[in-house]
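Here's the structure we're looking at; comments come further down.
Protein chains: 4
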Amino acid sequence: MQLDNFRTVAANYKVIFFDAFGVLKNYEGVLPGIENTFNWLQSTGKEFYVLTNDASRSPTELAESYYRQGLYAITPERIISSGMLAREYLDLKVNHGTVAYLGTDSSAHYLETTGLKTLPISKVDLADVADINALVLLDDEGYDWNTDLNKTVNLLRKRNIPVIVANTDETYPVSKTRIAIAIGAVAEMIETIVGKQFIRFGKPDAQLFMFAYERLDNVVPRGLEEQSAGYIGKRDVLMVGDTLRTDILGGNKFGLDTVLVLTGNTQAQDVDVQIRSTGIIPTYICESVLIS
Amino acid sequence: MQLDNFRTVAANYKVIFFDAFGVLKNYEGVLPGIENTFNWLQSTGKEFYVLTNDASRSPTELAESYYRQGLYAITPERIISSGMLAREYLDLKVNHGTVAYLGTDSSAHYLETTGLKTLPISKVDLADVADINALVLLDDEGYDWNTDLNKTVNLLRKRNIPVIVANTDETYPVSKTRIAIAIGAVAEMIETIVGKQFIRFGKPDAQLFMFAYERLDNVVPRGLEEQSAGYIGKRDVLMVGDTLRTDILGGNKFGLDTVLVLTGNTQAQDVDVQIRSTGIIPTYICESVLIS
Amino acid sequence: MQLDNFRTVAANYKVIFFDAFGVLKNYEGVLPGIENTFNWLQSTGKEFYVLTNDASRSPTELAESYYRQGLYAITPERIISSGMLAREYLDLKVNHGTVAYLGTDSSAHYLETTGLKTLPISKVDLADVADINALVLLDDEGYDWNTDLNKTVNLLRKRNIPVIVANTDETYPVSKTRIAIAIGAVAEMIETIVGKQFIRFGKPDAQLFMFAYERLDNVVPRGLEEQSAGYIGKRDVLMVGDTLRTDILGGNKFGLDTVLVLTGNTQAQDVDVQIRSTGIIPTYICESVLIS
Amino acid sequence: MQLDNFRTVAANYKVIFFDAFGVLKNYEGVLPGIENTFNWLQSTGKEFYVLTNDASRSPTELAESYYRQGLYAITPERIISSGMLAREYLDLKVNHGTVAYLGTDSSAHYLETTGLKTLPISKVDLADVADINALVLLDDEGYDWNTDLNKTVNLLRKRNIPVIVANTDETYPVSKTRIAIAIGAVAEMIETIVGKQFIRFGKPDAQLFMFAYERLDNVVPRGLEEQSAGYIGKRDVLMVGDTLRTDILGGNKFGLDTVLVLTGNTQAQDVDVQIRSTGIIPTYICESVLIS
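Chains as they are written, first to last, in the numbering used here: chain A, 173 to 464; chain B, 173 to 464; chain C, 173 to 464; chain D, 173 to 464.
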């Protein structure tokens with residue numbers, strides 16, 4: 173493993189995409205000193221976006237959480253969440269009736285649009301499901317697993333409706349040594365049981381990267397050379413993450429250079445083995461995104 | 173689909189292996205009239221065993237349940253359960269310390285042997301797990317999924333111990349139209365998360381069939397022809413079940429002729445499609461094991 | 173199953189995305205009469221693109237094949253192939269050295285760029301692989317499976333390099349009743365054996381849809397309402413395909429309305445069962461894209 | 173990793189089960205000096221069996237191969253192969269017609285019984301398959317992969333017949349640094365393509381262990397205590413293998429103590445990582461079975 177300095181690496185790119193958990197924050201909150209990184213990004217005129225497999229809150233609520241911790245640079249429009257993709261899907265493809273969900277009420281609230289109301293699985297009446305036109309798996313919190321997962325399985329046996337998984341993560345860390353099961357793992361269990369094909373949003377899938385990429389100003393138009401003065405292409409974007417199977421695989425596949433940081437899921441002593449065993453190869457490895 | 177009469181089919185065999193749920197009983201209790209089948213078996217001198225993916229109770233408790241419903245023929249020694257295989261494994265391979273478990277207290281009690289004590293996951297202290305030498309997944313009931321499944325994942329990150337899945341079923345029916353998630357599906361989720369290989373007991377695995385086969389009297393000894401007068405071989409045994417992927421696949425693989433009945437998981441209108449799509453082919457199909 | 177008329181459905185959209193095999197052509201060539209459909213599209217001013225999981229030839233060669241069969245509307249820039257995504261990946265991420273490949277020489281030729289040369293697996297010397305920086309799985313033809321698949325496995329044990337699967341299809345039809353194994357299935361076998369994570373391009377992945385979508389003129393800019401006069405949004409695009417798991421799942425997930433046609437992988441008598449069992453639901457079902 | 177001496181470990185057991193490849197022999201032939209181990213076993217009155225995932229030859233031919241290399245102790249009745257299980261299955265369950273196969277002619281010859289003839293896939297006429305009642309996947313050699321694997325897929329689309337996989341290994345070593353794809357991996361690819369459930373014989377499945385266990389003299393009868401003088405129980409049997417996922421997992425699950433040796437698939441520097449990551453834990457680890 174060869175460690176690079178984050179500032180030295182990032183200096184060569186015009187845009188930085190950051191994963192959130194394990195990169196900017198951990199179970200204790202935002203990394204101490206992280207504001208230096210964003211000060212540097214702004215002083216050097218670099219654009220940045222936060223790409224997060226998170227459907228537990230809206231981008232506005234996510235940004236507020238950074239703000240409360242003193243990180244003012246991450247405004248709502250800088251955040252691209254898998255929940256936003258779920259919301260776009262519902263808006264385009266399920267435009268009337270009720271969407272049942274597993275998650276907290278506040279996570280569901282964000283999905284409501286004109287003509288679409290949301291209903292927690294706990295309040296679904298299995299004898300009266302004709303109005304339910306989609307199911308969204310949002311979060312591992314907000315419901316009783318014993319009763320509501322069984323109810324979910326039975327709903328899907330009665331209604332052949334699209335099922336949207338708004339966060340593909342299998343686990344997330346809750347302390348230095350412990351993890352919790354995330355909705356992505358629960359979704360796989362239910363998908364296996366009912367034998368259907370769910371619709372997944374979140375890294376490593378290209379759609380989250382595309383959402384962020386489309387927000388960039390001055391993306392090089394089709395037909396023009398990327399080198400054309402002032403334009404931005406994929407070669408100008410750097411993806412930074414802590415997880416090989418989501419951040420790095422997804423970034424690589426989208427055509428971006430990638431940085432693996434060691435402040436989250438991947439620990440220094442495991443890096444070499446994991447890269448060798450998965451075949452997922454980051455362009456760079458950095459201790460963290462902190463800039464001293 | 174060609175339907176055969178169960179009595180006509182069974183008349184050609186000396187031994188009958190029955191699955192329990194969906195064959196002898198359903199969510200409402202034992203099938204009305206099932207005692208006629210067992211009277212006929214006994215009057216014709218046929219041996220029988222019940223092979224069940226069930227680790228929620230001991231064979232003695234399972235037999236008592238049949239007895240209370242008026243089915244006296246099914247005595248404890250006629251029942252071969254996946255729980256018995258789990259118990260044998262612990263007896264042979266984990267002979268000291270503590271076995272943590274997911275399930276009801278009564279399911280765990282059956283596993284206790286000299287030198288081995290059991291502890292529900294809810295009572296495990298993750299800071300003090302050095303004495304835990306195995307984990308057994310017994311049942312979907314008896315614990316809080318939200319907290320105890322997370323605790324299970326963290327236990328397996330701290331201790332590299334064998335994990336025994338004592339029931340491989342993914343679901344079980346709880347009413348005419350509803351099903352519940354069984355411990356087998358929960359086990360797959362946890363196995364995926366921790367990335368380890370669990371030890372599974374239950375159909376279609378050969379071990380349950382072997383346990384029953386070893387109990388038969390007069391099994392043909394090695395070296396002798398099966399046709400030798402009075403001996404029993406695999407050609408003399410018929411396996412009866414309601415599920416292609418467990419009962420029929422397992423019976424076929426063990427070398428037995430098989431009967432699919434339509435009183436459980438497999439419904440008449442789906443039989444042909446399921447046999448064609450899975451490639452699991454029962455020797456016979458019967459409406460039920462009932463004999464009028 | 174309710175059948176709709178393709179012209180009636182398509183009339184409501186400004187842009188049509190077509191799958192190729194099973195929609196525009198089959199094992200015998202382009203569907204007789206298909207030129208009427210394209211005449212109608214052009215007379216009504218609709219845009220169209222062909223989205224194909226095909227890396228066996230370049231878009232130019234694919235277009236020539238349509239041209240030779242009298243279908244002049246499908247010009248190279250109307251074709252978006254998974255091979256183009258593989259090419260972009262190599263261009264952005266693997267810019268020097270040698271790319272080993274499984275496929276025909278002509279499929280590989282398309283991948284060559286400045287600084288990158290290609291080498292068939294049959295010519296790889298396993299004792300001298302230091303210069304090989306990627307492996308691309310292009311096609312099921314052009315090599316000896318017995319020797320070259322084994323060689324591929326051994327290359328991947330010596331070199332930890334990205335592996336690109338340029339066609340995710342598992343099979344393709346070669347006559348009315350027979351199919352052949354496609355490179356996607358071979359890729360899964362090798363991926364399982366070496367335990368690494370390959371990079372897949374092709375439907376249902378969003379990237380192929382994105383490539384086509386980016387080519388549209390007048391896509392609605394960020395911030396503007398889609399309804400704004402003259403702009404095109406995802407609601408204006410219809411995806412047409414013959415396969416639920418690639419065309420329909422991918423189109424749905426990208427946010428497009430979808431048409432399943434019955435001229436390819438999905439046969440009329442199986443439609444209802446397949447939709448129910450997979451949970452992949454097309455917006456419409458049409459006999460074919462032919463217009464009388 | 174704590175290394176034990178094989179003789180010291182084995183001294184505590186009455187019966188030894190050996191895997192063949194990676195334990196008794198490798199790509200260069202039987203391990204030099206291995207005859208000492210068998211001399212010691214015989215001088216101390218220990219029983220032994222060779223349990224091998226091999227369907228390429230009959231036990232007689234396998235034994236001849238040991239004999240030719242000067243290892244006389246391994247007689248045909250000491251060899252339990254997965255091919256024997258396939259043969260028993262065909263004998264019990266498919267007793268007439270034709271069995272198609274992938275493998276060498278000599279591997280198929282062993283399967284022929286009264287009333288059953290074998291036919292290589294290369295000679296199958298897809299227009300005339302009504303007489304084919306089973307398919308057996310025996311070996312990775314003896315046929316052309318390009319044509320015969322495609323033919324196999326098409327056969328399984330025309331005939332809903334049992335498919336027997338007579339060797340579950342995914343790969344096997346052909347030299348110090350190279351491996352080859354085994355029929356088990358090919359079987360998985362075809363099973364995925366046709367979507368059916370194949371019948372697999374071989375470790376870690378219990379059936380191979382059961383076949384060997386049934387051959388032991390003086391197995392403790394049901395009802396008697398294992399400790400009864402002179403009887404043999406599972407506690408008296410030691411399984412020795414080089415592969416965690418087959419030999420050790422299977423032996424553990426069957427209730428046997430297990431030894432991992434480092435002369436085959438598992439190398440000394442990887443042992444600890446592999447045991448930790450798979451959760452498959454051998455009772456002992458030994459350098460080899462060689463006795464000096």
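No residue lacks a Cβ here, since even glycine has one placed at the ideal position from N, Cα and C.
This structure is a prediction, so every number in the text was calculated from the model and none was measured.
Discussion item. Please report the distance separating the alpha-carbon of D/Thr-365 from that of C/Phe-193.
Written reply: In the sequence as displayed, the identity of residue 365 of chain D is Ile instead of Thr. So the alpha carbons of these two residues sit roughly 18 Å apart.
Practice prompt. Drop a sphere of 10 angstroms on the beta-carbon of D/Gln-174, count the other beta-carbons inside from all chains shown, and report buried for 16 or more, exposed for fewer.
Written response: exposed
Practice prompt. Would you decide whether D/Pro-204 is buried or exposed? Buried here means 16 or more other CB atoms lie within 10 Å of its CB.
Written response: Exposed is the call here.
Worksheet item: What's the C-alpha gap between D/Asp-341 and B/Leu-416?
Response: 25 Å
Worksheet item: Exposed or buried, C/Gln-369, counting other C-beta atoms within 10 Å across all chains shown (16 or more means buried)?
Response: So C/Gln-369 ends up on the buried side.
Worksheet entry | Own chain residues within Cβ distance below 7 Å of D/Tyr-238, not counting five before or after | Val-202, Ile-246
Practice prompt. Decide if the stretch 222-236 of chain B is in contact with the stretch 427-434 of chain B; the criterion is three or more beta carbon pairs, one per stretch, under 8 Å apart.
Written response: These segments do not touch.
Discussion item. So, does the stretch 335-352 of chain B touch the stretch 213-221 of chain B, judging by three or more C-beta pairs under 8 Å?
Written reply: The answer is no - the stretch 213-221 of chain B does not touch the stretch 335-352 of chain B, with fewer than three Cβ pairs under 8 Å.
Fill in: Of the listed residues D/Ala-359, D/Phe-210, D/Thr-232, nearest to D/Pro-248 (C-alpha basis)
D/Thr-232
Worksheet item: Looking at the C-beta of B/Asp-377, does it have a partner C-beta in chain A at a distance below 9 Å?
Response: Output row for B/Asp-377: interface = no.
Discussion item. In whole angstroms, give me the CA-to-CA distance for D/Leu-328 and B/Gly-451.
Written reply: 9 Å
Fill in: Neighbouring residues, chain C, relative to A/Leu-421 (Cβ below 9 Å)
Gln-369, Ile-371
Worksheet item: Given B/Phe-383, which residues of its chain have a CB within under 6 Å of its CB, disregarding the five upstream and five downstream residues?
Response: Ile-252
Worksheet item: Would you say A/Thr-209 and A/Val-445 are within 9 Å of each other, going by their C-beta atoms?
Response: no
Worksheet entry | Whole-Å CB distance - B/Leu-262 paired with B/Ala-306, under 8 Å assumed | 6 Å
Worksheet item: Under 8 Å Cβ-Cβ, which residues of chain D neighbour C/Thr-224?
Response: Residues of chain D passing the Cβ test: none, with the nearest at roughly 20 Å.
Discussion item. Quick check: what's the CA-CA separation for A/Leu-288 versus A/Glu-260?
Written reply: For A/Leu-288 and A/Glu-260, the distance between alpha carbons rounds to 12 Å.
Discussion item. What does the alpha-carbon distance come out to for the pair D/Thr-276 and D/Val-308?
Written reply: 12 Å
Worksheet item: What three-state label does DSSP hand D/Leu-380 in the structure shown?
Response: In the structure shown, D/Leu-380 sits in a helix (DSSP, three-state: H, G or I).
Worksheet item: Given a threshold of 16 other Cβ atoms within 10 Å of its Cβ, counted over all protein chains shown, does D/Ser-254 qualify as buried or as exposed?
Response: buried
Fill in: Continuous alpha helix (DSSP H) stretch holding C/Val-346: start and end
That residue, C/Val-346, is in no alpha helix (DSSP H); it is neither H nor E in DSSP.
Worksheet item: If you compare alpha carbons, which of C/Phe-381, C/Arg-240, C/Arg-350, C/Val-181 is closest to C/Asn-225?
Response: C/Phe-381
Practice prompt. Report yes if the C-beta distance between D/Asn-339 and D/Gly-374 is below 9 Å; otherwise report no.
Written response: yes
Worksheet item: Less than 9 Å separating the beta-carbons of B/Ile-362 and B/Thr-324?
Response: yes
Worksheet item: What are the partner residues of C/Glu-219, as DSSP defines its beta bridges?
Response: In the DSSP output, where bridge partners are listed per residue, C/Glu-219 has C/Val-187.
Worksheet item: How many whole angstroms separate the CB atoms of B/Arg-240 and B/Trp-212, which I take to be in contact at a CB cut-off of 8 Å?
Response: Going by Cβ atoms, the distance from B/Arg-240 to B/Trp-212 rounds to 22 Å, so no, they are not a contact pair.
Discussion item. Is there a Cβ of chain B sitting closer than 9 Å to that of A/Thr-343, yes or no?
Written reply: By the rule that beta-carbons nearer than 9 Å mark a contact, A/Thr-343 touches chain B.
Practice prompt. Kindly indicate if chain B contains any beta-carbon less than 9 Å away from that of D/Asp-297.
Written response: False, the Cβ-Cβ gap to chain B never drops below 9 Å.
Practice prompt. Ignoring anything shorter than 4 residues or poking outside the stretch 254-311 of chain C, list the alpha helix (DSSP H) runs there in chain order.
Written response: 254-265, 277-281
Worksheet entry | Where the beta strand (DSSP E) containing B/Val-461 begins and where it ends | Note, B/Val-461: premise wrong, no beta strand (DSSP E); not H, not E.
Worksheet entry | Collapsed DSSP secondary structure at A/Asp-389 in the structure displayed | coil
Practice prompt. Give the C-beta separation of A/Ala-302 and A/Leu-283 to the nearest angstrom, bearing in mind that I take them to be a contact with Cβ-Cβ under 8 Å.
Written response: Contact doesn't hold; Cβ gap of about 20 Å is too wide.
Practice prompt. Buried or exposed for B/Ser-228, please, with buried defined as at least 16 other CB atoms from any protein chain shown within 10 angstroms of its CB.
Written response: buried
Discussion item. Need the endpoints of the alpha helix (DSSP H) that C/Gly-423 sits in, please.
Written reply: 421-426
Worksheet item: If D/Pro-334 sits next to B/Ile-453, beta carbons under 8 Å apart, how far is it from one beta carbon to the other, in whole angstroms?
Response: 7 Å
Item to complete: Out of B/Tyr-221, B/Thr-290, B/Val-358, point me to the one whose CA is closest to B/Leu-410's CA.
Response: B/Tyr-221
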